[in-house]
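Asks: The structure under discussion is supplied below as C-alpha cells; questions concerning it will follow.
Chains as they are written, first to last, in the working numbering: chain W, 3 to 232; chain Z, 127 to 340.
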C-alpha cells in the first residue's frame, strides 16, 4: 500500500465525495417528489391513472440503472427535436443526465415502496376518518400518507443506500464523483488497490452514516411501538 | 443476451454456494466463523458493486500475478468474464447470506428437534430437513436478489466485457442511433426480469402448497 498517493490526492477524493453527496441528495429529493403522486396513481381505482403509473414502475424497476443512464446520456442526442430544444442544455451535460436518470430510477422504486405501504393502511383508520366526515383529500393528507411514510421508512432506508451505491455509475459517464476520482487516480499512478479501496472506504462511511441516520429517525417515528419503560 | 444470461446464472450459482456457507457461518457457534461472516456481509453491502468490481478486476490481476511471480508462473490474464462473474457472485453471496439466514431461522425448531430425536447427524438434519423447509421462507428474498443480480450484470460492460450493453454502445455509436439500441437492451432486460417474475411466482406457489393463506 502506498499511502502517499492517497494523501496527495485527498482533495480530489473529498471533492468527489461532495459531488456524490450532491447527486444523491438532489436525486432523492426530486425522486421522492415524483414518487408520491406515482404511488397515489398506482393505488387509484381509475385505470387510466393506474396503468401508466404501474408501467412506469415496472420499466424502471425492471431495467438496469446503467442502461437508463445511457438512454439519457447517449440516446437523447439521436433526436433532432431534442437537440434543438431548450432541454438540450440539460441532456448535453453528463451531470444533469445522471441526476435525471437517478431521480427517475429512485422514483420508480420509492413509488413501489409507498404503494405497498399505502395498501397496508389498516382499514379501521380509513373508516374512522370517514366517520368523522373527512373529505378525500384530508383523508389522504392526514391519515393515509403520514401512516404510509412511517410504514415505508425501513424499506426507504434501504433504497437510499441503493441510490448511494448506484450513484457510483456517474463516474462511468465522465463525472468526477468518488468513483470518478478513484478512476482518475488509478489511471494516473496505476495503483488500483489504493485508489479504489479509498473510494470504497468513503462509500462505506456514507453507508454507515445513512444507516445511523435512519436508526435515529426510526427511534423518533416509532416511539409508540417501543415497550413501555416505567 | 446469451452472455448476459451466462454471467447471471454462473454468478447466481457462486452466490448461492457462498450464501449457504455464509448463513451456516453466521448461525454457527464458533465466534470466528460468525465474525468473519459478519465482516463479509457488512463490507460487501456497504460498498457499491461497481467499486468492488473494479477492485477485484484490477487488483485481483495484480495479486494473482504477484503470487504467480513467486511461484515462477507466466503472466496470467484475468478475463473480464471471470472477474465479472466472480465479483457478482461474491457480492450477491453477501445478500444471499442474509436471505438464507432469515430462512433458516424461520424453520421451526420442533422439526429440527424431531430430526435430532430420530438420531440424524448434524449434516443430515441440515440437508434433509432445514434446507428443504427453508426454501419456502427464503424464496421471496431469493427472487429479489436474482432480479437485482440480473440487472447488475449490466455493469460488466464497464470493465470491458462485450455484453449486450457494451454492444449496444458500439452499435449505437456506429449507426448514430444509440437511443434505439439502448432501448432494445432495456426491453431485453425487461424480458429477463418479467419471465423470472413469472417463474418465481410459480415456484412460490409450489413451495407454499399446504400453507394456509389468510
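By construction, the Cβ of each residue, glycine as well, lies at the ideal position given by its N, Cα and C atoms.
What you are looking at is a predicted structure, and each value in this text was computed from that prediction instead of being measured.
1) Buried or exposed, going by whether 16 or more other CB atoms sit within 10 Å of the CB of residue 140/W?
2) If you count every other CB in all the chains shown that lies within 10 Å of the CB of residue 76/W, and 16 or more means buried, which is it?
3) Return no unless some Cβ of chain W is closer than 8 Å to the Cβ of residue 258/Z.
4) Between residue 224/Z and residue 256/Z, what straight-line distance do the alpha-carbon atoms span, to the nearest angstrom?
5) For residue 66/W, return the contacting residues in chain Z, with the cut-off set at a CB-CB distance below 9 Å.
6) Along the chain, which unbroken stretches of the alpha helix (DSSP H) at least 4 residues long are found entirely within the stretch 96 to 158 of chain W?
7) If we define contact as Cβ-Cβ less than 8 Å, is residue 372/Z a contact residue for chain W?
8) Which of the three DSSP states is assigned to residue 165/W in this structure?
9) Quick one: is residue 175/W near chain Z, going by C-beta distance under 8 Å?
10) Would you mind giving the Cβ-Cβ distance between residue 123/W and residue 150/W, rounded to the nearest angstrom? I have them listed as a contact below 8 Å.
11) For the stretch 29 to 75 of chain W, which segments carrying the alpha helix (DSSP H) assignment without a break, of at least 4 residues, lie completely within its bounds, in sequence order?
12) Using a C-beta to C-beta distance shorter than 8 Å, which residues of chain W count as neighbours of residue 206/Z?
13) Below 8 Å, can you find three or more Cβ-Cβ pairs linking the stretch 124 to 136 of chain W to the stretch 184 to 202 of chain W?
14) Given a cut-off of 8 Å, decide if residue 97/W and residue 23/W are closer than it, judged by their beta-carbon atoms.
15) Look up residue 153/Z in the DSSP assignment and say whether it is helix, strand or coil.
16) From 36/W, 28/W, 41/W, 21/W, pick the residue whose C-alpha is nearest to that of residue 121/W; which is it?
17) Indicate whether at least one CB of chain Z lies closer than 8 Å to the CB of residue 202/W.
18) Measuring only the C-alpha atoms, how far is residue 14/W from residue 28/W?
19) Taking CB distances under 8 Å as the criterion, tell me whether residue 198/Z reaches chain W.
20) Could you spell out where the alpha helix (DSSP H) holding residue 307/Z opens and where it closes?
21) When the cut-off is 8 Å and only beta carbons count, does residue 155/W lie next to chain Z?
22) Could you please give the first and the last residue of the uninterrupted alpha helix (DSSP H) stretch that includes residue 211/Z?
23) Measure the CB-CB distance between residue 210/Z and residue 133/Z and report whether it falls below 8 Å.
24) With a threshold of 16 other CB atoms inside 10 Å of the CB of residue 43/W, please say whether the residue is buried or exposed.
25) Is it a yes or a no for the stretch 258 to 269 of chain Z touching the stretch 220 to 240 of chain Z, going by three-plus beta-carbon pairs under 8 Å?
26) Going by DSSP, what residue range makes up the alpha helix (DSSP H) through residue 210/W?
27) Using the beta-carbon of each residue, which ones in chain Z are nearer than 8 Å to residue 209/W?
28) If you run the structure through DSSP and keep just helix, strand and coil, what is residue 246/Z?
Replies: In short, the structure shows the following:
1) Looking up residue 140/W in the first chain gives position 138. Result: exposed.
2) Start at 1 with the first residue of the first chain, and residue 76/W comes out as number 74. That one is buried.
3) Here residue 258/Z refers to the residue found at position 132 when the second chain is read from its first residue. Cβ-Cβ to chain W under 8 Å: no for residue 258/Z.
4) Position 98 of the second chain holds residue 224/Z. Position 130 of the second chain holds residue 256/Z. Roughly 16 Å separates the two Cα atoms.
5) Taking the first chain and counting its residues from 1, one reaches residue 66/W at position 64. Within 9 Å Cβ-Cβ: 276, 277, 278, 279, 280, 281, 291, 311, 312, 315.
6) 96 to 121, 125 to 133
7) In the structure as shown, chain Z begins at 127 and stops at 340. Residue 372/Z is therefore absent and cannot be evaluated.
8) Here residue 165/W corresponds to residue number 163 of the first chain, with the count starting at 1. Three-state result, residue 165/W: helix.
9) As a position in the first chain, residue 175/W is number 173, starting the count at 1. With 8 Å as the cut-off, residue 175/W does not count as an interface residue toward chain Z.
10) As a position in the first chain, residue 123/W is number 121, starting the count at 1. As a position in the first chain, residue 150/W is number 148, starting the count at 1. Residue 123/W to residue 150/W, Cβ: 7 Å. Contact.
11) 49 to 64, 67 to 75
12) Reading the second chain from its first residue, position 80 is the one you call residue 206/Z. Ordered by position in chain W, no residue passes the 8 Å Cβ test against residue 206/Z, which lies about 14 Å from the chain.
13) no
14) Position 21 of the first chain, counting from 1, holds the residue named residue 23/W. Position 95 of the first chain, counting from 1, holds the residue named residue 97/W. Not in contact: residue 23/W and residue 97/W (Cβ atoms no closer than 8 Å).
15) One-based indexing of the second chain puts residue 153/Z at position 27. DSSP places residue 153/Z in helix when its eight states are reduced to three.
16) Numbered from its first residue, the first chain carries residue 121/W at position 119. Selected option, being the one with the closest Cα: 41/W.
17) Translated into positions along the first chain, residue 202/W becomes position 200. For residue 202/W, the answer is yes, since a Cβ of chain Z falls inside 8 Å of its Cβ.
18) Here residue 14/W refers to the residue found at position 12 of the first chain. Here residue 28/W refers to the residue found at position 26 of the first chain. Approximately 21 Å, taken between the alpha carbons.
19) In the second chain, counting from the first residue as 1, residue 198/Z sits at position 72. So, not an interface residue.
20) Start at 1 with the first residue of the second chain, and residue 307/Z comes out as number 181. Per DSSP, residue 307/Z belongs to the alpha helix (DSSP H) from 304 to 333.
21) Here residue 155/W refers to the residue found at position 153 when the first chain is read from its first residue. Not closer than 8 Å to any Cβ of chain Z, the Cβ of residue 155/W fails to qualify, so no.
22) Numbered from its first residue, the second chain carries residue 211/Z at position 85. That run of the alpha helix (DSSP H) goes 206 to 232.
23) As a first step, residue 210/Z is located in the second chain; it is residue number 84 there, counting from the start. As a first step, residue 133/Z is located in the second chain; it is residue number 7 there, counting from the start. Yes, Cβ-Cβ distance for residue 210/Z and residue 133/Z is below 8 Å.
24) For this step, residue 43/W is matched to residue 41 along the first chain. It is buried - the Cβ of residue 43/W has at least 16 other Cβ atoms within 10 Å.
25) yes
26) The sequence position of residue 210/W within the first chain is 208, counting from 1. 194 to 223 is the span of the alpha helix (DSSP H), which, as asked, contains residue 210/W.
27) Counted from its first residue, the first chain places residue 209/W at position 207. Simply 171, 172, 173.
28) Indexing the second chain from 1 puts residue 246/Z at position 120. Coil, per DSSP.
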